[in-house]
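First up is the structure itself, then whatever we jot down about it.
Number of protein chains: 2
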Amino acid sequence: MPVDTTADPGAARPASSALTERQEARRRRILQASARLAGRGGFDAVQMREVAECSQVALGTLYRYFPSKVHLLVATMQDQLEHLHATLRRRPPAGDTASARVAETLMRAFRALQREPHLADAMVRALTFADRSVSPEVDQVSRQTTAIILDAMGTPDPTPGQLAAVRVIEHTWHSALITWLSGRASIAQVRTDIETACRLIDHTDPGPGGAS
Amino acid sequence: MPVDTTADPGAARPASSALTERQEARRRRILQASARLAGRGGFDAVQMREVAECSQVALGTLYRYFPSKVHLLVATMQDQLEHLHATLRRRPPAGDTASARVAETLMRAFRALQREPHLADAMVRALTFADRSVSPEVDQVSRQTTAIILDAMGTPDPTPGQLAAVRVIEHTWHSALITWLSGRASIAQVRTDIETACRLIDHTDPGPGGAS
DNA sequence: ATCAAGTCTGAAACTTGTTCTAGATTAACG
DNA sequence: CGTTAATCTAGAACAAGTTTCAGACTTGAT
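So the protein sequences, as listed, match chains A and B.
Take the first sequence: its position 65, counted from the start at 1, is 65 in the UniProt record's numbering, and no numbers get skipped.
Take the second sequence: its position 180, counted from the start at 1, is 180 in the UniProt record's numbering, and no numbers get skipped.
What follows is the structure in C-alpha cells.
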C-alpha cells in the first residue's frame with residue numbers, strides 16, 4: 001500500500017502556481033485531446049491510450065494528472081462550463097421574469113451542446129457515471145451550474161423556496177439532457193421539460209422548511 | 001458483420017411463450033444472480049463471469065440472453081420495478097392532494113431502495129450510463145415509472161400540464177437518486193427535491209402547448 | 001430412431017481501463 | 001557542475017467486458 005509521497009498535479013489546483021509551466025502545458029494538451037476525441041465519437045472514443053498519445057504524454061503521466069477516465073471527462077466538463085459561463089455573462093438573457101431568463105439561458109446552453117453532441121455525450125455520461133471517488137469534482141460542476149442559473153435569475157437574494165426550485169431545475173436539466181442524448185426525447189420535449197421546471201421559480205410560495 | 005440468424009431469447013418477450021421452460025429458468029437464474037451480486041457491491045460487483053458462474057450458465061449464453069452488462073442491469077431494474085409497482089398497488093398512498101400522494105409514493109420507493117443501496121446503485125448507474133443500444137429497455141423502465149406516478153395521482157384523465165409535471169418529477173427522481181447514491185445529497189435533501197417537484201402537479205395552470 | 005437446426009458449454013482471444021516497473025529526464029539546491 | 005528527489009517515459013502486466021469457436025447437447029420434424 002504505497003503512501004503516495006509524490007505531489008499530485010491534479011490536487012495542486014489552488015493557483016496553478018504549484019505547477020511548472022511545462023506541467024500546465026501538459027495539462028492543457030491533455031484536456032484539449034480529451035475534448036477533441038470526445039467531439040468525434042463521444043464517451044467510447046475517448047481512449048486513455050489515445051489521449052496519452054495525442055497529448056504527447058506517457059500513459060502513466062496521464063493517470064497521474066487524471067486518476068481515471070471519468071475524472072478526465074469531468075475535468076473536461078469543468079473546463080467547458082467555465083467557457084460557457086463566461087460566454088453567457090457577456091450576453092445576459094433578456095426575459096421579463098426570472099423563470100423566462102433561466103429557461104432562455106438553459107436553452108442557450110443546450111444549443112451550445114447540440115453543436116457538439118458527441119462531446120456532450122462524453123461529458124454527461126461521465127458525470128452521471130461518476131462514483132464517490134469523483135464527488136468533489138462533480139460537486140464543483142454542480143456548483144458552477146447553480147451559479148449559472150442564479151446569474152440568469154438575477155435575483156440578488158434568492159429565497160429558500162427559489163433555491164429549492166433551482167435544485168429541481170438542475171435535476172431536470174441533467175436528466176433531460178440524458179434522455180435527449182440517448183435519443184429518447186426530442187429537442188422540443190427538452191424545452192418543454194425545462195420550461196415546466198422553471199415555472200417553479202415563480203410559484204415559490206412556501207419555503208422548503210417543511211422537511212426539518 | 002454477422003447477420004444473426006439465431007433467435008434471440010431476450011427479444012422474444014411477447015408472452016414468454018417462445019422460450020422453453022428451461023430457458024425461462026435460465027433467464028430467472030441470471031436475473032437473480034445479477035440482483036444478488038449487485039446487492040453486495042453495486043455496479044462493479046456485477047461481473048459477467050461471476051454472474052454466469054452463479055447462474056450456472058456459460059458466458060456466451062449469458063451474452064445471448066443479455067447482450068451487455070448494462071442490458072442485464074436494466075432488465076434487473078425492470079424486474080424490481082414490477083415488484084415495486086405491485087407492492088405499491090396493494091397499499092395505495094393516502095394523501096389528500098395528488099401531489100402529496102405522488103410524493104408519498106416516491107418516498108416509499110426511495111425507502112425501498114435505501115434498504116438495498118448497492119442494488120440501487122447498480123441499477124441506476126446502468127440506467128443513466130445506457131447508450132442508444134439500450135434505449136428500448138430504458139424507455140420501458142421510464143414508462144413503468146410514469147405508470148407508478150400516474151397511479152399515485154389517481155387522476156383518471158391527466159391534463160397535458162399534469163403530464164408535463166410528471167416528466168419533471170421523473171427527471172428529479174432519477175437525478176436526485178444519483179446525487180444521493182454518490183453521497184452528494186442527504187436523504188432530507190432528496191425528500192425536499194421530490195416535494196418541490198411534486199408541487200408542479202397542483203400548479204398546473206397552462207398546458208405545455210406554449211412551445212409550439 | 002434419425003436427421004437438421006438451433007442452443008449451450010468451456011475455453012481462449014481480444015479490447016480497453018488501470019496498475020506497475022525500471023530507467024531516463026528534469027528541477028531545485030548546494 | 002553534481003546530487004538528490006521528483007517527475008516523466010516506454011512498455012509490460014493485469015482486470016473485466018466482450019467476442020469467437022469447436023464441439024456437445026436439445027428440440028422438433030419426419
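Quick reminder that beta carbons are idealized off the backbone N, C-alpha and C, glycines included.
Please read all numbers here as calculations on a predicted model, not as lab measurements.
Looking only at its chain, what residues have a beta carbon closer than 7 Å to the beta carbon of residue i, apart from the 5 residues adjacent to it on each side?
i	result
B/A103	I194, E195 and C198
A/V134	V70, H71 and V74
For residue i, which residues in the same chain have their Cβ closer than 6 Å to its Cβ, ignoring the five residues on either side in sequence?
i	result
B/A126	V70, L73 and V74
B/C54	A33
residue 229 of chain A	Given that chain A is displayed from residue 1 to residue 212, the structure contains no residue 229 of chain A and the question cannot be resolved.
B/P93	R101, E104, T105 and A152
B/E82	none
B/R29	S55
Could you check the C-alpha separation between residue i and residue j for me, to the nearest Å?
i	j	result
B/D121	A/M107	30 Å
A/H85	A/Q78	10 Å
A/V46	A/T76	11 Å
A/T192	B/A164	8 Å
B/A58	A/D44	27 Å
residue 213 of chain B	A/P158	Examination of residue 213 of chain B is not possible in this model, given that chain B is present from 1 through 212 alone.
A/E21	A/Q56	16 Å
B/G95	B/I149	14 Å
A/H171	B/T172	5 Å
A/T179	A/E24	36 Å
A/A147	B/I169	23 Å
B/G210	A/G41	Only weak support exists for where B/G210 lies, its pLDDT of 40 falling under 50; the value from the coordinates is given anyway. Using only the alpha carbons, I get a separation of about 35 Å.
A/R132	A/D139	11 Å
B/T128	A/L177	11 Å
B/L37	A/R91	51 Å
According to the neighbour-count rule (16 or more other Cβ atoms, all chains shown, within 10 Å of its Cβ), is residue i buried or exposed?
i	result
B/A167	It should be noted that the sequence gives Arg, not Ala, for residue 167 of chain B. The residue is buried, with at least 16 neighbouring Cβ atoms inside 10 Å.
B/T145	buried
A/T87	exposed
A/S175	buried
B/L200	buried
B/G60	exposed
B/E137	buried
A/A130	buried
B/R89	exposed
B/R27	buried
Can you give me the Cβ contacts of residue i inside the same chain, cut-off strictly under 8 Å, excluding the 5 residues immediately before and after it?
i	result
B/L181	P117, A120, D121, V124 and R125
A/D202	T97, A98 and S99
A/S68	S133 and V134
A/Q80	A35, L119 and M123
Just checking, does the segment 109-116 of chain B make contact with the segment 56-75 of chain B on the three C-beta pairs under 8 Å criterion? no
Kindly confirm or deny that the segment 185-200 of chain A and the segment 183-194 of chain B touch, where touching means at least three C-beta pairs closer than 8 Å. no
Is it a yes or a no for the segment 48-61 of chain A touching the segment 28-38 of chain A, going by three-plus beta-carbon pairs under 8 Å? yes
Does the structure place the segment 86-100 of chain A close enough to the segment 152-168 of chain A that three or more beta carbon pairs sit under 8 Å? yes
Taking a cut of 8 Å between CB atoms, which residues from the segment 137-156 of chain B lie near chain A? V138, D139 and S142
Which residues of the segment 102-133 of chain A have a Cβ closer than 7 Å to any Cβ of chain B? Give them in chain order. R125, T128, F129, A130, D131 and R132
Closer than 9 Å, Cβ to any Cβ of chain A: which residues of the segment 89-101 of chain B, in chain order? none
Below 9 Å between beta carbons is the criterion; list the residues of the segment 63-76 of chain B that meet it against any residue of chain A, in chain order. none
So if I threshold CB-CB distances at 7 Å, which residues from the segment 161-191 of chain B count as touching chain A? A164, A165, R167, V168, H171, T172, H174, S175, A176, I178, S182, G183, R184, A188 and R191
Could you name the residues of the segment 29-54 of chain B whose beta carbon sits closer than 9 Å to any beta carbon of chain A, in the order they occur along the chain? G42, F43 and D44
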